[in-house]
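To start, the structure under review is shown below, and the notes come after it.
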Amino acid sequence: MAFAVASTVAAAAILATAPAVAAGQGVHTSDFGTPVGDNTNSLSVGPSGPLLVEDGRTFEKLARFNRERIPERVVHARGVGAIGEFEALSDESALTAAGFLGGAGRKTDVFTRFSNVVPPRGSPEALRDVRGFSVKFRIPTRYGGGIWDLVGNSLDVFFIRDQITFPDLVHAVNFDPVLNVPNPNRAFDFFGALRGAATNMLTTLYSDLGLPANHRTMNGHSVHAYEFVNVRGKRSLVKFQWLSAQGIVNMSNEQAAAVRAEDFSHATRDLYDAINAGRFPKWDLQIQVLPRELLKPGRLPFNPLDATKFWPVDIAPFRTIGRMTLNKVPGNFYQQTEQVAFSPANFLPGSLEPSDDALLQGRLVSYADTQRYRLGNAYATLPVNRPVSPVRNYAQDGPLDTGTTTGDFNYGLSLVNEVFETPDSARFARRRVCGVVAQAPIEVTANFLQAGQRYESFSDSDKDNLISNLAADLGAVTSELVRNTMCSHFYLANVEYGRRVAAAVNCNLREVVRIAASLDTGLPDGFDAAGVPSGGAAGAKVGTKIEKDGGKKASAYEA
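Counted the way mature numbering (1 follows the signal peptide of the UniProt record, and there is no 0) counts, the sequence shown spans residues -24 to -1, 1 to 535.
Put into structure tokens, the structure is as follows:
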């Protein structure tokens, strides 16, 4: 892992506030449109005399320059964006009232951003790391309007299941605060203290999938469950996957090192070269629908709303509902890719809503909050974030308010003034919630079950690569306790898996087994360590079949 190391959207839709300006065309002006007569010499008393304060243009230019940089994203800082189109391929109105999914052929403009999660802006892209895969849907007014942000990753699970530990995760995998260098000791100390919750994610990250050859040849996943709501108010639990039409191509550590030596921005160039050459990358949007009865205790050996778990395809098969095509390079990196602001809180009440996933619930708050810090309170009015449908509400004032509202009615409730409509179809769907308020973990953690299933699904060469990749980082950890603890997690996932990692990083197998015996597997009553329900058919497993991100392994430039 790298430890900190639409039809095409019309220009008017993205850059709606001002006409586009091409460099070198027209008269040079100040920020306020005043013509500038000299852009190379400051106003001075004679050729060598002191400069004059009245030279407002020079000071304006310097002051603007001093403020060009905004705070870097805490995570997902290294990214690249592209413009495109999403086309529905089926009618999903039986599941959701979302109009843009209500019929085959319906098209929606999108802005997509791919990113490395941990490394800072300017770092090499060819690093073992989770990739961000976020898509902003600008839904046309005829389909209900608004913005839906599908904020996902390249891998189908995550390290943690509760947002409260997210700051700790980011601190642990980021630069050492003393030396300001990557430090695997800190990261694996944190993973070990999670008592196995990260085992499934680490098994995925250190597989070949943790090093995609480029952004075009990787899949995307929602990670979290969401809820479709139809016009009758019926709710359906769903997960999303972006299936690459380019196939899956990954790199080895050695191939990645060679790429980094040549180009820090290989994935950005690959994406833009493909688009500019007319080889528009495409992804199919697939969904899984989970029968609600499987949420009942004892029906599955894991919690379906746990972000550290995938949904096996034998209980929730994938099917395709649409296709995204990226067909345009943004005209300005800062104005579009850097200022684009995604948030899971941008959903569609009454048709597409969040589930009770504890990690997702926290992201609903934190993403919008960090965008306000990074871009300002009016970030939603930036052209790249603005919907194509009208914005009508009673918000006002604040820094950079660019509104053009008129009149004295700004309070939303009135006996004498006409107010904006609030259609019933846009209300949150009704649901019953019952429980005890408490701070407590979920009852069924099953921390090792799916990591073992994933390991068993790998080919021999995939297993070899996983062990080698893990050993490269875990083997650098100096603490025997941390190494032994991590190996105990892999041992509980699969005995062969744990033994091989322990041998690769010089762990004491006896101590590994002792630690493993002290840990709770987190499986519910009625299931054995392999996920087999007691009293069921002999050898039958409930929810164990894995949908593999298959594909050839090649160099970064083969695809």
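Even for Gly, the Cβ is constructed at its ideal location relative to N, Cα and C.
Going by C-alpha to C-alpha distance, which of the options sits closest to residue i?
{"i": "Ala506", "options": "Ser365, Leu442, Gln426, Asn393", "result": "Gln426"}
{"i": "Leu442", "options": "Asn226, Arg236, Val214", "result": "Asn226"}
{"i": "Arg211", "options": "Trp218, Ser220, Ala201, Leu38", "result": "Ala201"}
{"i": "Pro47", "options": "Val413, Gln347, Tyr248, Pro288", "result": "Gln347"}
{"i": "residue 540", "options": "Leu271, Ile136, Asp345, Ala493", "result": "Residue 540 falls outside the range modelled here, since the chain spans only -24 to 535, and no answer is possible."}
{"i": "Leu313", "options": "His4, Arg54, Arg43, Ser20", "result": "Reading off the sequence, residue 313 comes out as Thr, not Leu. Nearest of His4, Arg54, Arg43, Ser20 to Thr313, Cα basis: Arg54."}
{"i": "Gly121", "options": "Ala39, Val50, Gly81, Pro325", "result": "Pro325"}
{"i": "Tyr355", "options": "Glu487, Gln315, Gln372", "result": "Gln315"}
{"i": "Ser6", "options": "Glu36, Arg339, Phe142", "result": "Glu36"}
{"i": "Pro160", "options": "Lys521, Asp496, Ala447, Asn353", "result": "Ala447"}
{"i": "Leu302", "options": "Lys521, Ser18, Pro375, Glu63", "result": "Glu63"}
{"i": "Gly78", "options": "Asp400, Pro288, Ala253, Phe204", "result": "Phe204"}
{"i": "Gly75", "options": "Leu19, Arg171, Ala402", "result": "Ala402"}
{"i": "Glu44", "options": "Leu351, Leu213, Ala70", "result": "Leu351"}
{"i": "Gly484", "options": "Leu495, Ser494, Cys463, Tyr473", "result": "Gly is not the amino acid found at residue 484; the sequence shown has Asn there. The candidate whose alpha carbon is nearest that of Asn484 is Cys463."}
{"i": "Phe216", "options": "Val265, Asp384, Ile251, Tyr343", "result": "Val265"}
{"i": "Val214", "options": "Ala292, Val154, Ile224, Arg162", "result": "Ala292"}
{"i": "Glu230", "options": "Leu391, Asp496, Ser444, Tyr349", "result": "Ser444"}
{"i": "Gly9", "options": "Pro26, Leu28, Arg33", "result": "Arg33"}
{"i": "Leu270", "options": "Ala253, Ile263, Gln262, Pro288", "result": "Pro288"}
{"i": "Val458", "options": "Ser437, Ile491, Glu394", "result": "Ile491"}
{"i": "Arg118", "options": "Ser99, Ala148, His147, Thr84", "result": "Thr84"}
{"i": "Val50", "options": "Leu495, Asp436, Asp345", "result": "Asp345"}
{"i": "Arg82", "options": "Ala250, Leu28, Met300, Val127", "result": "Met300"}
{"i": "Val127", "options": "Ser91, Ser510, Gln372", "result": "Ser91"}
{"i": "Arg208", "options": "Ala70, Gln262, Ala58", "result": "Ala70"}
{"i": "Arg475", "options": "Asp496, Asp440, Val508", "result": "Asp440"}
{"i": "Val86", "options": "Glu397, Tyr431, Arg362", "result": "Arg362"}
{"i": "Arg171", "options": "Phe503, Gly502, Gly(-1), Ala493", "result": "Ala493"}
Excluding sequence positions up to five away, which residues of its chain have a Cβ less than 7 Å from the Cβ of residue i?
{"i": "Glu456", "result": "none"}
{"i": "Ser66", "result": "Ala80, Ile297"}
{"i": "Gly527", "result": "Only weak support exists for where Gly527 lies, its pLDDT of 45 falling under 50; the coordinates are left without a value."}
{"i": "Thr72", "result": "Phe204, Val205, Asn206, Ser327, Leu328"}
{"i": "Arg268", "result": "Leu213"}
{"i": "Tyr370", "result": "Asn386, Tyr387, Gly388"}
Count the other CB atoms within 10 Å of the CB of residue i; is the residue buried (16 or more) or exposed (fewer)?
{"i": "Glu419", "result": "exposed"}
{"i": "Thr378", "result": "exposed"}
{"i": "Ser327", "result": "buried"}
{"i": "Ala243", "result": "buried"}
{"i": "Gly108", "result": "buried"}
{"i": "Thr88", "result": "buried"}
{"i": "Val3", "result": "exposed"}
{"i": "Gly60", "result": "buried"}
{"i": "Ile140", "result": "exposed"}
{"i": "Val111", "result": "buried"}
{"i": "Lys521", "result": "exposed"}
{"i": "Tyr310", "result": "exposed"}
{"i": "Ala233", "result": "exposed"}
{"i": "Ala532", "result": "Unreliable placement is indicated for Ala532, whose pLDDT of 35 sits below 50; the coordinate value is still reported in the next sentence. Result: buried."}
{"i": "Tyr349", "result": "exposed"}
{"i": "Val481", "result": "buried"}
{"i": "Pro95", "result": "buried"}
{"i": "Gly374", "result": "exposed"}
Within the same chain, show all residues whose beta-carbon is closer than 8 Å to that of residue i, passing over the 5 residues directly before and after it, in chain order.
{"i": "Met177", "result": "Leu131, Val133, Phe134, Phe135, Thr284"}
{"i": "Ala514", "result": "In this prediction, Ala514 scores a pLDDT of 38, lower than 50, which makes its location untrustworthy; no coordinate-derived value is stated."}
{"i": "residue 540", "result": "Residue 540 is absent from the model: the chain starts at -24 and stops at 535."}
{"i": "Leu340", "result": "Ser319, Pro320, Ala321, Pro330"}
{"i": "residue 537", "result": "No information on residue 537 is available, as it lies outside the stretch -24 to 535 that the chain covers here."}
{"i": "Phe142", "result": "Ile136, Leu335, Gly338, Ser342"}
{"i": "Asn129", "result": "Val93, Val106, Arg107, Gly108, Phe109, Gly196, His197, Val199"}
{"i": "Leu145", "result": "Phe135, Ile136, Phe166"}
Got a sec? Which residues, its chain only, sit under 6 Å from residue i by beta carbon, not counting five neighbours each side?
{"i": "Ala(-12)", "result": "Caution applies to Ala(-12), whose pLDDT of 40 falls short of 50 and renders its modelled position unreliable; the value that the coordinates give is listed next. Contacts found: Val364."}
{"i": "Ala174", "result": "Phe135, Phe167"}
{"i": "Leu499", "result": "Pro277, Ala422"}
{"i": "Val488", "result": "Asn460, Cys463, Ser464, Tyr467, Ala478"}
{"i": "Phe286", "result": "Asp132, Val133"}
{"i": "Asn252", "result": "none"}
Exercise for review: Can you check the stretch 100 to 161 for any beta strand (DSSP E) of at least 3 residues that lies completely inside it and give the ranges in chain order?
Suggested key: 107 to 114, 123 to 129
Review point. Taking one C-beta from the stretch 229 to 247 and one from the stretch 462 to 478 each time, how about it: are there three or more such pairs within less than 8 Å?
Key: no
Review point. Can at least three beta-carbon pairs, one atom from the stretch 254 to 266 and one from the stretch 202 to 221, be found at a separation below 8 Å?
Key: yes
Check your understanding: Would you say the stretch 187 to 196 touches the stretch 272 to 281, given that touching needs at least three Cβ pairs under 8 Å?
Key -> no
Exercise for review: Ignoring anything shorter than 4 residues or poking outside the stretch 30 to 92, list the alpha helix (DSSP H) runs there in chain order.
Suggested key: 32 to 42
Practice item. Taking only runs that begin and end inside the stretch 205 to 281, name each unbroken beta strand (DSSP E) of 3 or more residues, in chain order. Key: 211 to 220, 258 to 266
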